[in-house]
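> Counting with the working numbering, you get residues 2 to 314 for the letters of the sequence shown. For each residue, glycine too, the CB sits at the ideal point set by N, CA and C.
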Amino acid sequence: MKKYCKKIWSVLILVFLICSCKTEEEPADSSQSEILAFLMQKLEFYDSKIINAIKENEASEEKVISVPPAKVTEITAQNLDSKEITNSITESEETNDVFEDIHTGDVFEDIHTGDVFENIHTGDLIFSDGLVEGIVFGKNEEGIPLYVSIDKVQNLQWAVENSVGAVTKINAIAAKIANSTDFANIEFTGDTNGSDNFDEIIALSINDNSFSIENYPIFAFASNAGDNWYIPTAKEIYDLYSEKDLINKKLAELQKDPLFEDGHWWTSSQGAKKDTAFYLNLDSNRFSDGKKTISRKCCLIKKLKADYNSTQP
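Following this line, the structure appears as structure tokens:
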């Protein structure tokens, strides 16, 4: 508003100067009172013009200001925690993230092992290249069937004299046996899966550069028999022995020698002392631990492969 007042005063001064001069509208002999009256008349005219201009300008400004903004779509503010934000991921993105590491052919043993081996039972014959190579005697803790070789039996030492394994307590393969005198209620802890026991022995011997497979006759026997055969642990040979009647019946049908008729049978489990390992003692029907350098009987077992075709002849 102040700027418009300044304009009014400028106009008034201009009008006064104009009126002071002679114009067509001003008489040559005008008296001072007439000039003053003429001047006031002009001032009123210009004043009304300026006031009207100011009002029109202010009205136009008010009109601009009063124009409402364009309508805005509804906005809702929410406080989202991390869980809500995570759940807002699109379905396609979420699906890709969840399954990015899943590929065709992947198998989840904890879910599907039972399905893969549902038709495999104790006493079933296992074939390889059309020939029987073993008999199922049970399943391991992962639900994978185990089978025993029908003809691979030897009488060998666990370890030879002066080898590292013969005089070392190998804790990684040590078994603990409870109720060993009550064979029907025996309990096993510690080493129960013998499929990697020889790896532990190899690692022990490699540390001092003394490893030689000939130093471990029963393990060399398993290794030379072919892929994946191994010496059973105390737990595994116990499970095998528990099915000896069925196993021996199947062996008789195949015209093979029976298992566990007598003698002492090595396990791959470390014994209570550094120079001993557990063996199945059929003389007393119990487990004992004895010198690793003594020759005893041993048999071989294997895990059944998940892709095994049980429909073979």
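Report the CB separation of S270 from A278 in whole angstroms; it is logged as a contact under 8 Å.
Position 269 of the sequence shown, counted from the first residue, corresponds to residue 270. Position 277 of the sequence shown, counted from the first residue, corresponds to residue 278. Their Cβ separation, rounded to whole angstroms, is 6 Å, which keeps S270 and A278 in contact under 8 Å.
> Which partner residues of G139 appear in the DSSP bridge assignment?
Here the question's residue 139 lines up with position 138 in the sequence shown. L147.
> Taking A160 and Y217 to be in contact with their CB atoms under 8 Å, please state how far apart those CB atoms are, rounded to whole angstroms.
Reading the sequence shown from its first residue, position 159 is the one you call residue 160. Reading the sequence shown from its first residue, position 216 is the one you call residue 217. A160 to Y217, Cβ: 5 Å. Contact.
> Are A223 and I214 close, meaning C-beta to C-beta below 8 Å?
Here residue 223 is taken as the residue at index 222 of the sequence shown, counted from 1. Here residue 214 is taken as the residue at index 213 of the sequence shown, counted from 1. Their beta carbons are not under 8 Å apart, which means A223 does not touch I214 by this criterion.
> Who pairs with V154 in a beta bridge, going by DSSP?
Within the sequence shown, the letter at position 153 stands for residue 154. Partner(s): C300.
> Under 8 Å between C-beta atoms, does K153 make it to chain D?
Of the chains in the structure shown, none is chain D; there is only one protein chain.
> Can you tell which of V117, N141 and V165 has its C-alpha closest to the C-alpha of K275?
Position 274 of the sequence shown, counting from 1, holds the residue named residue 275. For the residues V117, N141 and V165, the minimum Cα distance to K275 belongs to V165.
> Is DSSP giving F279 helix, strand or coil here?
Looking up residue 279 in the sequence shown gives position 278. DSSP places F279 in strand when its eight states are reduced to three.
> For the alpha helix (DSSP H) containing I202, name the first residue and the last one.
Start at 1 with the first residue of the sequence shown, and residue 202 comes out as number 201. From DSSP, the alpha helix (DSSP H) with I202 extends over N198 to I207.
> Are the stretch 184-201 and the stretch 231-238 touching by the rule of at least three beta carbon pairs closer than 8 Å?
Segments in contact, yes.
> Here's the rule I'm using: 16 or more other beta-carbon atoms within 10 Å means buried, otherwise exposed. How should A176 be labelled?
Taking the sequence shown and counting its residues from 1, one reaches residue 176 at position 175. With 16 or more other Cβ atoms within 10 Å, it is buried.
> Tell whether a beta-carbon distance below 8 Å holds between L205 and T182.
By 1-based counting over the sequence shown, the position of residue 205 is 204. By 1-based counting over the sequence shown, the position of residue 182 is 181. Their beta carbons are not under 8 Å apart, which means L205 does not touch T182 by this criterion.
> In angstroms, rounded to a whole number, what distance separates the CA positions of L126 and Y242?
Residue numbering aside, residue 126 sits at position 125 when the sequence shown is read from its first letter. Residue numbering aside, residue 242 sits at position 241 when the sequence shown is read from its first letter. Roughly 17 Å between the two C-alpha positions.
> What span of residues does the beta strand (DSSP E) with A179 cover, start to end?
Within the sequence shown, the letter at position 178 stands for residue 179. Here the beta strand (DSSP E) through A179 covers A176 to A179.
> Out of curiosity, what's the CA-to-CA distance linking S83 and F118?
Position 82 of the sequence shown, counted from the start, is the residue given in the question as residue 83. Position 117 of the sequence shown, counted from the start, is the residue given in the question as residue 118. Bear in mind that a pLDDT of 41 at S83, under 50, signals an unreliable position, so the model cannot answer this.
> For D240, is the classification buried or exposed, using 16 other Cβ atoms within 10 angstroms of its Cβ as the cut-off for buried?
By 1-based counting over the sequence shown, the position of residue 240 is 239. Buried, by the Cβ-count rule.
> Are the Cβ atoms of P146 and V137 separated by less than 8 Å?
Residue mapping note: residue 146 aligns to position 145 of the sequence shown, counting from 1. Residue mapping note: residue 137 aligns to position 136 of the sequence shown, counting from 1. Against a cut-off of 8 Å, the Cβ pair of V137 and P146 comes out as a contact.
> Who are the Cβ neighbours of L247 in its own chain at under 6 Å, not counting the five residues just before and after it?
In the sequence shown, residue 247 corresponds to position 246, counting from 1. Hits under 6 Å: G124.
> Taking the Cβ atom as the reference point for each residue, do W266 and R297 lie within a distance shorter than 8 Å?
Indexing the sequence shown from 1 puts residue 266 at position 265. Indexing the sequence shown from 1 puts residue 297 at position 296. Yes, the pair counts as a contact, with Cβ atoms nearer than the cut-off.
> To which residues of the same chain is I171 closer than 7 Å at the C-beta, ignoring the five residues directly before and after it?
The residue labelled residue 171 in the question sits at position 170 within the sequence shown. Cβ neighbours of I171 beyond the five flanking positions: E201, I202, L205 and Q271.
> In whole angstroms, give me the CA-to-CA distance for Y280 and S289.
The count along the sequence shown starts at 1 and reaches residue 280 at position 279. The count along the sequence shown starts at 1 and reaches residue 289 at position 288. Going by the C-alpha atoms only, they are around 6 Å apart.
> Span of the beta strand (DSSP E) holding K1?
The structure shown does not extend to residue 1, since the chain is modelled only from 2 to 314, so the question has no answer here.
> Helix, strand or coil for E188 per DSSP?
The count along the sequence shown starts at 1 and reaches residue 188 at position 187. In the structure shown, E188 sits in a strand (DSSP, three-state: E or B).
> For S150, count neighbouring C-beta atoms within 10 Å of its own C-beta (all shown protein chains included) and say buried if the count is 16 or more, exposed if not.
Taking the sequence shown and counting its residues from 1, the one referred to as residue 150 is at position 149. S150 is buried by the Cβ-count criterion.
> In chain order, what residues of the same chain have a beta carbon less than 7 Å from the beta carbon of L255, not counting five sequence neighbours either side?
What you label residue 255 is simply residue 254 of the sequence shown in a count that begins at 1. So the list reads V133 and I151, once near-sequence residues are dropped.
> Assign Y239 to one of three DSSP states: helix, strand, or coil.
By 1-based counting over the sequence shown, the position of residue 239 is 238. The answer is helix: DSSP assigns Y239 an H, G or I state.
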